[in-house]
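Residue numbering for the sequence shown follows the working numbering, beginning at 3 and increasing consecutively.
Shown next, in structure tokens, is the structure this report addresses.
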Amino acid sequence: MSTDLPFSSSSTTEQPPPKLRFADIGINLTDPVYNGIYHSKSQHPDDLADVVARARAAGCMKMMVTASDLDCARKALDVVRKFR
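Right, here's the structure in full:
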């Protein structure tokens, strides 16, 4: 067994494995579904903050918000500023 591992099953004190960290390089957080809008109709309350919180809890610490045009890029900047 390698001795340079951060933990081993034979140690006397249990340590949790290192938490994984991810970066999402193409997340479309400007999509209306995150605001509860499906096919131009409100279906549920805005859950964008919950989506971001779940992603962070899962280890996704960096998110690159995508945009397809200037208007969408402005919306993406608003989202980024909200969750910095």
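The C-beta atom is built at its ideal place from N, Cα and C for all residues, glycine as well.
Here the structure is a predicted model, which is why all the values come from computation and not from measurement.
Taking 8 Å as the upper bound for CB-CB distance, Met65 and Ala57 are in contact here, some 7 Å apart. Only residues of its own chain outside the window of five on either side were considered, and among them Asn37, Gly38 have a CB closer than 6 Å to the CB of Asp48, listed in chain order.
Within the same chain, and ignoring the five residues on either side of Ile29 in sequence, the residues whose Cβ sits closer than 7 Å to its Cβ are Met65, Met66, Val67, Thr68. Counting the other CB atoms within 10 Å of its CB gives Leu72 a total below 16, which places it among the exposed residues. Selection Cys62, Ala78, Arg83, Lys77 evaluated against Leu22 yields Cys62 as nearest (Cα-Cα).
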